[in-house]
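K.L.:
Residue numbers (the UniProt record's numbering), protein chains in the order written: chain A, 1 to 201; chain B, 1 to 201.
Number of protein chains: 2
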Amino acid sequence: MGLRERKKQKTRLALIDAALDLFLEQGYEASTIDQIAANVEVSPRTFFRYFGSKEDVALALLADSQDIFLAELSARPESESPFVAMAQAMRLSLTAMGEGDEADHARFVKTRRLLDHHPQFMAGQRRLMMANEQRLLAEIARRRGTDDLRSHFVLALFTTVARVGFEYCRPDEVRDADAMAARLDEILAIAEASLRPDWDK
Amino acid sequence: MGLRERKKQKTRLALIDAALDLFLEQGYEASTIDQIAANVEVSPRTFFRYFGSKEDVALALLADSQDIFLAELSARPESESPFVAMAQAMRLSLTAMGEGDEADHARFVKTRRLLDHHPQFMAGQRRLMMANEQRLLAEIARRRGTDDLRSHFVLALFTTVARVGFEYCRPDEVRDADAMAARLDEILAIAEASLRPDWDK
DNA sequence: CAATTTATGTCAGTGAGTGACAGATGACAA
DNA sequence: TTGTCATCTGTCACTCACTGACATAAATTG
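In structure tokens, the structure reads:
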């Protein structure tokens with residue numbers, strides 16, 4: 001990897017860090033692109049060459065985790081039903097986020113803190129999910145053997161379960177990857193208890 | 001109802017109609033607030049006194065239907081389980097939208113056409129849902145007798161099922177209230193077949 | 001070192017959204 | 001009818017997110 005590429009990665013992470021810090025300190029609305037760019041000593045125009053919008057920089061890590069999730073999903077064995085495969089892939093992608101160096105972990109926790117305190121990002125999270133919806137739907141249909149309304153139901157139920165697992169927490173709860181994995185298991189148990197066997201076949 | 005109140009209702013509907021027509025004719029992004037306001041012969045500043053944002057005017061009817069849904073829900077008998085009560089309320093609020101005069105119906109169809117062709121509104125629809133989430137959650141917890149993670153699961157599953165029922169359709173399908181009610185019944189049947197009895201008790 | 005590609009800064013511009021103030025217009029009582 | 005009051009509206013000035021165009025600087029490649 002050349003020097004140019006390394007510089008870009010560094011600038012991207014610096015922009016994310018500066019943005020998360022500003023958002024958490026003085027609020028999302030009160031923070032401007034000019035401030036973020038100034039803190040990284042970069043022109044505001046450059047910010048928009050890295051992120052398509054102000055919201056995108058707040059959701060940058062979430063977008064990354066989506067890619068990891070999709071990679072894990074396609075590596076799941078064929079024997080698993082669609083729902084089980086997605087649940088396992090989500091568990092693995094969560095632990096993958098928990099690894100990495102100190103800075104990575106700090107960014108992850110800051111992102112969770114930001115999303116917890118600003119419900120306005122819910123819509124953005126949903127937008128991210130939707131971007132991968134077609135690929136997920138194709139994977140579900142492939143595993144089920146048919147593409148019908150039930151495939152949509154399976155997908156919707158999974159994204160819903162994942163979302164509830166991430167959102168429902170006491171305010172004072174630590175939101176690191178381990179805590180989220182535990183919460184995910186909790187809601188998956190409820191879903192399993194509510195659904196008939198082979199409902200997603 | 002006084003003259004002032006009637007004028008406001010008229011202006012509000014005129015703004016919605018002008019906005020929907022412009023959005024459908026030349027696209028959402030290409031339409032400006034100035035154009036909408038000019039077509040109603042009102043200042044752009046006045047537009048923002050009726051709607052908080054450009055997106056709000058596109059979702060205005062959806063926001064109205066949410067209110068109807070909540071009213072129907074609180075009128076449901078105590079004997080119904082949370083999920084059944086919400087499903088019935090949704091059916092009734094859909095038929096309520098189907099009634100009304102010619103202009104009301106036209107607005108409803110235009111809104112559906114707009115949302116079908118512009119996936120960027122999905123996030124906004126989700127934002128609307130969330131605005132009522134607390135009230136729905138309270139109603140579910142009240143009917144179940146406890147407020148725990150399962151209440152969140154019931155709520156999330158219902159909103160998800162409703163969303164899939166509204167979204168999943170062939171592109172050429174007519175999107176009037178009757179067609180949407182039929183689609184809702186279809187997805188509710190799948191949900192019922194997938195879930196164990198008394199899962200939401 | 002020279003040629004080419006690519007990232008960045010500067011500049012000018014559009015459009016959404018907001019606060020403040022003044023004037024217009026219904027609502028209401030005498 | 002008239003005058004007072006509350007409320008709605010238009011105008012103006014402003015902030016900020018976001019974009020296209022062009023010139024410059026820096027990295028890559030030979």
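C-beta atoms are modelled at their ideal positions from N, C-alpha and C, and glycine is treated no differently.
Strictly below 7 Å CB to CB, what residues from chain A border Ser79 (chain B)?
P.N.:
Within chain A, no residue comes near Ser79 (chain B); the closest Cβ sits about 21 Å away, beyond 7 Å.
K.L.:
So, Thr61 (chain A) versus Arg107 (chain A), is the Cβ gap smaller than 9 Å?
P.N.:
According to the sequence shown, residue 61 (chain A) is Leu rather than Thr. Yes, they are a contact pair.
K.L.:
With distances taken from CA atoms, which of B:Ala182, B:Ala71, B:Asp176 and B:Val84 is nearest Met97 (chain B)?
P.N.:
The option with the nearest alpha carbon to Met97 (chain B) is B:Asp176.
K.L.:
Which chain B residues are close to Met122 (chain A), counting only those with a beta carbon under 9 Å from its beta carbon?
P.N.:
Simply Ala123, Arg126, Arg127 and Met130.
K.L.:
Based on Cα-Cα distance, which residue from A:Asp104, A:Asp198 and A:Ala141 lies nearest to Arg12 (chain A)?
P.N.:
Out of A:Asp104, A:Asp198 and A:Ala141, A:Asp104 has the C-alpha closest to the C-alpha of Arg12 (chain A).
K.L.:
Can you find a CB in chain A that lies within less than 9 Å of the CB of His152 (chain B)?
P.N.:
True, the Cβ-Cβ gap to chain A drops below 9 Å.
K.L.:
Taking DSSP's pairing of strands, which residues face Leu195 (chain A) in a bridge?
P.N.:
Paired residue(s): B:Leu195.
K.L.:
Taking C-beta to C-beta, are Asp21 (chain A) and Lys110 (chain A) nearer than 9 Å?
P.N.:
Yes.
K.L.:
Ignore the nearest five residues each way along the sequence and tell me which others in Gly124 (chain B)'s own chain have a CB closer than 6 Å to its CB.
P.N.:
The answer, listed in chain order, is Glu55 and Leu59.
K.L.:
If I follow the unbroken alpha helix (DSSP H) through Tyr168 (chain A), where does it start and stop?
P.N.:
Tyr168 (chain A) -> no alpha helix (DSSP H), and no H or E assigned at all.
K.L.:
Helix, strand or coil: which one does DSSP assign to Tyr28 (chain A)?
P.N.:
Three-state DSSP puts Tyr28 (chain A) in coil, outside helix and strand.
K.L.:
Please report how far the alpha carbon of Arg163 (chain A) lies from the alpha carbon of Glu139 (chain B), in whole angstroms.
P.N.:
In a straight line, the C-alpha of Arg163 (chain A) is about 21 Å away from that of Glu139 (chain B).
K.L.:
Looking at chain A, is there any beta carbon in it that lies within less than 9 Å of the beta carbon of Arg143 (chain B)?
P.N.:
It does not: the Cβ of Arg143 (chain B) has no partner Cβ on chain A nearer than 9 Å.
K.L.:
For Phe158 (chain B) versus Pro82 (chain B), is the C-beta spacing smaller than 9 Å?
P.N.:
Their beta carbons are under 9 Å apart, which means Phe158 (chain B) touches Pro82 (chain B) by this criterion.
K.L.:
Relative to the C-alpha of Met90 (chain B), which residue among B:Leu188, B:Pro197, B:Gly100 and B:Tyr28 is closest?
P.N.:
Out of B:Leu188, B:Pro197, B:Gly100 and B:Tyr28, B:Leu188 has the C-alpha closest to the C-alpha of Met90 (chain B).
K.L.:
Less than 8 Å between the CB atoms is what I'm expecting for Leu149 (chain A) and Ile190 (chain B), so what's the real figure, rounded?
P.N.:
That belief holds up - the Cβ atoms of Leu149 (chain A) and Ile190 (chain B) are roughly 6 Å apart, short of 8 Å.
K.L.:
Are the C-beta atoms of Thr159 (chain A) and some chain B residue less than 9 Å apart?
P.N.:
By this cut-off, Thr159 (chain A) is an interface position.
K.L.:
So what does DSSP say about Ser65 (chain B), is it helix, strand or coil?
P.N.:
It is helical.
K.L.:
Mind checking which residues open and close the alpha helix (DSSP H) that includes Gly124 (chain B)?
P.N.:
Per DSSP, Gly124 (chain B) belongs to the alpha helix (DSSP H) from Met122 to Ala131.
K.L.:
Using 8 Å as the threshold, is the region 41-51 of chain B in touch with the region 62-77 of chain B, meaning 3 or more CB pairs across them?
P.N.:
Too few Cβ pairs lie closer than 8 Å, so no.
K.L.:
Just to confirm, is the Cβ distance from Phe69 (chain B) to Ser93 (chain B) under 9 Å?
P.N.:
For Phe69 (chain B) and Ser93 (chain B), yes; Cβs fall inside 9 Å.
K.L.:
The alpha helix (DSSP H) that contains Lys54 (chain A), what's its start and end?
P.N.:
Element bounds for Lys54 (chain A): Lys54 to Ala58.
K.L.:
Just checking: is the beta-carbon of Tyr28 (chain A) within a distance shorter than 9 Å of some beta-carbon in chain B?
P.N.:
False, the Cβ-Cβ gap to chain B never drops below 9 Å.
K.L.:
Looking at C-alpha atoms only, which residue of B:Met86, B:Val174, B:Val154 and B:Gly165 is the closest neighbour of Ser194 (chain A)?
P.N.:
Comparing Cα-Cα distances from Ser194 (chain A) to each of B:Met86, B:Val174, B:Val154 and B:Gly165, the minimum goes to B:Val154.
K.L.:
According to DSSP, simplified to helix, strand and coil, what is His118 (chain A)?
P.N.:
Coil, per DSSP.
K.L.:
Cα separation between Arg144 (chain B) and Ala18 (chain A)?
P.N.:
Spanning the two alpha carbons is a distance of roughly 45 Å.
K.L.:
Does any C-beta atom of chain A lie closer than 9 Å to the C-beta of Asp200 (chain B)?
P.N.:
Answer yes: the Cβ-Cβ gap between Asp200 (chain B) and chain A drops below 9 Å somewhere.
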